[in-house]
Amino acid sequence: MKKYLLIFALLLATNIKAQYYVAGTDPASIKWSKIETEHFKLIFSEKYEVKAQYIANLLEEVYKYGGESLNHSPKKISVVLHNETSYSNGFVTWAPKRMELFTAPNQRMHAQEWLQQLAMHEFRHVVQIDKLNTSFTKFLSYVLGEQAVGGVLGLYVPLWFLEGDAVVAETALSQSGRGRLPWFEQGMRAQIMDKKLYSYEKASFGSYKDYVPNHYEMGYQFVAGARAKYGTDIWEKALLNTGRNPFVIPFNQGQKKESGINKVALYKDVFNDLKSQWAHQDSIALKVQYYPVTSIDKSFVSFRYPHVINDSLTIAELSGPGEVRRFVGIKPSGAYETVYIPGSRSTEPFSVSGNTICWAELIPDARWEHRYYSVIKTYNILTKKLNRVTHKTNYFAPALSRDEQKIALVKTSYNNEYSLAIIDANTGAELHTYSYGNNDFIYTPQWNDKGDKIVSVVLGEEGKSIVELDVKTGKWNAVLNAGYTEVSLPRYNGNDIVFTGSYSGLEEIYSLTPTGAVKQLTQSKFGANSAVVFKNSLVYSNYTADGYQVVKADEGNLLNKPLDDVQNHSVALYETISEQEKGQPNFADSLMNQQNYDVKKYSKWNLFNVHSWAPANLNPVDAELTMGVSAMSQNLLGSAVSSIGYNADPQMSREKYYFNFQYRGWYPIIDFTINHGDDKIFYDETALYAGAVDTFALKADTKRYQTQIKLGSYIPINLTKGRFSNLLQPSFHYNFINQSAYDVDRITYTQTPQGWAPSQTTTIHTPELNYHNLEYGLYYHHLRRRSVRDVTTRWGQLIELKYAHTPFGNYDAGSILGLRTRLYFPGILKHHAIRVDNNYQYKLVGEEISSDESIVAQNVKYGDLYNYPRGYTRGTNDRMYSFKGDYIFPLINPDLTVPGVMYLKRITTNLFYDYSNTEEDVVFKNNQQSLVYSQNFQSTGLEMRGEFHFFRFLFPVTLGYRYARLITTNQNSHEFLMGVALSGIATGKE
1347 MKKYLLIFAL
1357 LLATNIKAQY
1367 YVAGTDPASI
1377 KWSKIETEHF
1387 KLIFSEKYEV
1397 KAQYIANLLE
1407 EVYKYGGESL
1417 NHSPKKISVV
1427 LHNETSYSNG
1437 FVTWAPKRME
1447 LFTAPNQRMH
1457 AQEWLQQLAM
1467 HEFRHVVQID
1477 KLNTSFTKFL
1487 SYVLGEQAVG
1497 GVLGLYVPLW
1507 FLEGDAVVAE
1517 TALSQSGRGR
1527 LPWFEQGMRA
1537 QIMDKKLYSY
1547 EKASFGSYKD
1557 YVPNHYEMGY
1567 QFVAGARAKY
1577 GTDIWEKALL
1587 NTGRNPFVIP
1597 FNQGQKKESG
1607 INKVALYKDV
1617 FNDLKSQWAH
1627 QDSIALKVQY
1637 YPVTSIDKSF
1647 VSFRYPHVIN
1657 DSLTIAELSG
1667 PGEVRRFVGI
1677 KPSGAYETVY
1687 IPGSRSTEPF
1697 SVSGNTICWA
1707 ELIPDARWEH
1717 RYYSVIKTYN
1727 ILTKKLNRVT
1737 HKTNYFAPAL
1747 SRDEQKIALV
1757 KTSYNNEYSL
1767 AIIDANTGAE
1777 LHTYSYGNND
1787 FIYTPQWNDK
1797 GDKIVSVVLG
1807 EEGKSIVELD
1817 VKTGKWNAVL
1827 NAGYTEVSLP
1837 RYNGNDIVFT
1847 GSYSGLEEIY
1857 SLTPTGAVKQ
1867 LTQSKFGANS
1877 AVVFKNSLVY
1887 SNYTADGYQV
1897 VKADEGNLLN
1907 KPLDDVQNHS
1917 VALYETISEQ
1927 EKGQPNFADS
1937 LMNQQNYDVK
1947 KYSKWNLFNV
1957 HSWAPANLNP
1967 VDAELTMGVS
1977 AMSQNLLGSA
1987 VSSIGYNADP
1997 QMSREKYYFN
2007 FQYRGWYPII
2017 DFTINHGDDK
2027 IFYDETALYA
2037 GAVDTFALKA
2047 DTKRYQTQIK
2057 LGSYIPINLT
2067 KGRFSNLLQP
2077 SFHYNFINQS
2087 AYDVDRITYT
2097 QTPQGWAPSQ
2107 TTTIHTPELN
2117 YHNLEYGLYY
2127 HHLRRRSVRD
2137 VTTRWGQLIE
2147 LKYAHTPFGN
2157 YDAGSILGLR
2167 TRLYFPGILK
2177 HHAIRVDNNY
2187 QYKLVGEEIS
2197 SDESIVAQNV
2207 KYGDLYNYPR
2217 GYTRGTNDRM
2227 YSFKGDYIFP
2237 LINPDLTVPG
2247 VMYLKRITTN
2257 LFYDYSNTEE
2267 DVVFKNNQQS
2277 LVYSQNFQST
2287 GLEMRGEFHF
2297 FRFLFPVTLG
2307 YRYARLITTN
2317 QNSHEFLMGV
2327 ALSGIATGKE
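Next comes the structure, spelled out in structure tokens:
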């Protein structure tokens, strides 16, 4: 019984903040429709009906095969389609249970249509999670609702398995998939071959010190490698045991029944096998000699998509875990300097012509999180002029013509219609559009030198091919036949074309002549791509264990191996896992005989969808867990979130019943909360009190009832553009509290020979309280993007203005005005930052509450908006100025592991100095004279925080210590710091 109570408590604690995942909302103008199939309920914009029918058929076809290797057919699930965006992704989450698909494709897709990719990958997540809902977990679902499965998932199932297994599915169930792509394995190959096999904890949770391939890349190799060695049952048993026995390491125990070893030993076993196979693959190939253009940085820095401007300058995109992605100019010595820092970009090439850089940049909608645009920008290196060429467009992979007057790019519509477009490089006006094949998707167009032809990769039913467009005639010509071998990034070299291909099992550079002859030019250790020819040298990005390095190979050193002689010596795990499946979805036949499902209206006013409940007060809004009962709701559109419950905590009796509701479907977000409760008013009449003039007792045994209503609204206006995150948020909140009236009997006692005797009874009446509080706020921040290794942003500004008052009602609490500012500056070293806060608040006091015996007047006041210096407790004041200065930096990234118990990723340090000046107006009641009581508070010290993963739990825990020297009082303060970074559990494609 104890272990059942333990898992119950863990699930509740995990779910306080972790399960209720709101990804965002769609524009309010969208009118929604729905399609119900046997296994799916699709919700979509009415303008997307044609593609929704297509996706419904895709999902039903995937359903036949997607759960086979996990021996599970999941229950029906809702699928929400977001099509008005340039953002590509998808995810599955539980509580509420749903799949969400962002239907815009991207330039890094493998050789399979985007919606088919999404259907296979995301459906596999549905299979994984739904399989957990069995035996004891199913019992918990009756007690807790959908959050039970989500809790078991978050507690026990590793993220590398969830994503790795989904990549296995997309690979084994198709002729493509990321598991077949050499670039997808090169990170793990390079790390293991040139560095070492990291600890299981480091591989699972990452590192700030070293580059660690993500959970998709590591997870695929781990899951596929184990399947190849032990069969599909290994992971089926792991999930089944987790659902049946969610107590102590059930996932590990489940797989151990098949492998005979624990998962850490299995991890080492799989990757040591892969290491020997990769080493054999590497020993066969004769490498091409090259010369470095950039040096290798052990902190992991990648230089991608090189463009040679002249003998003294090469432009490339620099990225890495310690870098903000940007364009850099590389000198012949290998030294580089920043040219320009763009905003958020998808993984796709940029273009350079003359002195102008051209790229696509993602711009969020000002309000709707599910609407993104992809716009075209240019930057002149010499004049340093930035030009936003287009606005609110869905353009990708731009290529600037040689004369810098036209841009060729990929255009997508909200209905997944694809074309190549040519726009004016100055005005953004569309000049021409060209579609290819049967709405085939187009990748990375590039101009020839004359500006009369454009080469691209296209994706059709038979895979990827390279095609050429004659701009004058509008005619296309296929120059490389379609296939499922990955080809990408074609560029002209005179009449020839150089491109990246995966024919040898690694990404390498190939040439294509006008006659159709293909030759392999490079042979690398881990992979090469993004080639350009300059003065008889091939310049390209060569992958190493420390990132992509720009290198050049002389023409005479190139391999020039005919394609017929190229052999694939890769490990090819995809062959084994494909053979383990019962077959692959036949999308062609399914769509040829596509079923047209009934389409019905779906109201956006479906506001309530109760998904979870608990025999406890589990309030995700306030992160509370106490005795009581509760239920949670979130509608499928993510526009309405609510919770209702009873809080049995005696200290919260005034708010024992509560209802929280938030609506995000309008431009302003609306918050509504109502609480109701009571507190007991009890005075024992046998207790006597000696007053100034008499002796008395108080008598009462009643209740005071309280009702609190909060109504608020705020508008998060996302003004992000370029390298800065910009948010403007006005807000208004109304808070009403009503407390019922009550009476207390005051019984006066007199001394008699027999003792104290009651002589007179009067009634003290406490009237009904009506408190009306209005709060106004205006918030704005302008923060520069930061790298993964930065502790905080290193440049930015924040300002916030607040005002609150009680203009009506019978309770006057006065008012308060507050101004908060925060500035960020770069520190002395990389990843160091300086943070400076300056805050000021001004209060006007409310009604007097002082007793007759008080010497000074006491009035109702608002609480402080800002904190006193660290180490001090709050005092009373009417005015306060507060300064806080922090120097923030990463102290050490130890990657310290106590296997199975603890993994310490990073220790950060804050050195701080705080100062506050407070003033309080003191009024003497006897003569109404007043004075201003002023105090200064100062403290200095340090904070140290460690980022831990305990017991291989997914979410990091922050533990820390604060020492403050209280300068004003000459004392020391010691505090323990703790935080848990919980967020919604969602499994997705990217």
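Just so we're aligned: the sequence shown equals residues 1347 to 2336 in the numbering used here. No residue lacks a Cβ here, since even glycine has one placed at the ideal position from N, Cα and C.
Beta-bridge partners of Phe2042 (DSSP): Tyr2035 and Thr2094. Approximately 33 Å separates the beta-carbon atoms of Val1489 and Phe1568; this is outside 8 Å, ruling out the contact. Bridge partners of Val1879 according to DSSP: Leu1884. Going by beta carbons, Tyr1502 and Pro1420 fall outside the 8 Å limit. Nearest in C-alpha terms to Ala1824, of all of Asp1786, Glu1853, Ser1850 and Gly1851, is Asp1786.
Check the Cα spacing between Ser2161 and each of Tyr2259, Gln2097, Tyr2188 and Thr2138: the tightest is with Tyr2188.
DSSP places Tyr2013 outside both helix and strand once states are collapsed to three, so it counts as coil.
A Cβ-Cβ distance of about 16 Å is found for the pair Ile1788 and Leu1777, leaving them out of contact under the 8 Å criterion.
Per DSSP, Ser1391 is one residue of the beta strand (DSSP E) stretching across Phe1386 to Ser1391. By the neighbour-count criterion, in which 16 or more other beta carbons inside 10 Å mark a residue as buried, Trp1705 falls on the buried side. A Cβ-Cβ distance of about 7 Å is found for the pair Leu1388 and Ile1401, placing them in contact under the 8 Å criterion. For Ser1989, the closest of His1957, Gly2011 and Gly1929 by C-alpha to C-alpha distance is His1957. Counting the other Cβ atoms within 10 Å of the Cβ of Pro2104 gives fewer than 16, which makes it exposed. Ranked by Cα distance from Leu2129, the options Tyr2029, Asn2064 and Thr2286 are led by Asn2064.
For the segment 1378-1436, the continuous beta strand (DSSP E) assignments of 3+ residues that do not extend past its boundaries occur at 1378-1382, 1386-1391 and 1423-1428, in sequence order. If only complete runs of 3 or more residues are kept, the segment 2085-2149 shows the beta strand (DSSP E) at 2088-2098, 2101-2112 and 2115-2130, in order along the chain. Put simply, the backbone Cα of Ile1580 is about 27 Å away from that of Gly1436. Note on the segment 1730-1791: whole beta strand (DSSP E) runs with a minimum of 3 residues are 1732-1734, 1741-1746, 1752-1758, 1764-1770 and 1776-1780, in chain order. Straight-line measurement puts the Cα of Leu1405 at about 16 Å from the Cα of Gly1929. Here Gln1926 is not near Asn1955, since their CB atoms are 8 Å or more apart.
The alpha-carbon of Ala1398 is positioned some 11 Å away from that of Asn1762. Per DSSP, Thr1702 lies in no alpha helix (DSSP H); the unbroken beta strand (DSSP E) holding it starts and ends at Thr1702 to Pro1710. CA-to-CA, the gap between Ala1625 and Met1539 works out to about 7 Å. Between Asn2263 and the set Gln2274, Phe2301 and Phe2283, the nearest pair of CA atoms involves Phe2283. Boundaries around Lys1614 are those of the alpha helix (DSSP H), Lys1609 to Ile1630, since no beta strand (DSSP E) includes it. Remark: C-beta atoms of Leu2144 and Pro2076 do not approach each other more closely than 8 Å. For the set Ser1391, Glu1407, Phe1386 and Phe1390, the Cα lying nearest the Cα of Ala1934 is the one of Glu1407. Boundaries for Asn1560: no beta strand (DSSP E) harbours it, and the DSSP string shows neither H nor E there. For the pair Leu1755 and Tyr1741, the CB atoms are nearer than the 8 Å cut-off. Only residues of its own chain outside the window of five on either side were considered, and among them Leu2250, Ile2253 and Leu2305 have a CB closer than 6 Å to the CB of Gly2292, listed in chain order. Here Gly2209 is exposed, its C-beta having fewer than 16 other C-beta atoms within 10 Å.
In this structure Val1473 is not in contact with Gly1589, their Cβ atoms being roughly 12 Å apart against a cut-off of 8 Å. Sequence-distant partners of Tyr1760 (beyond 5 residues in either direction) whose C-beta falls short of 6 Å from its own C-beta, in its chain, are Asn1429 and Glu1430.
Distance from the CA of Thr1773 to the CA of Arg2069, rounded to the nearest whole angstrom, comes to 23 Å.
By alpha-carbon distance to Ser2133, the top candidate from Pro2172, Thr1846 and Lys1723 is Pro2172. Apart from sequence neighbours up to five positions away, the residues of its chain that approach Arg1454 with a beta-carbon distance below 6 Å are Thr1693, ordered along the chain.
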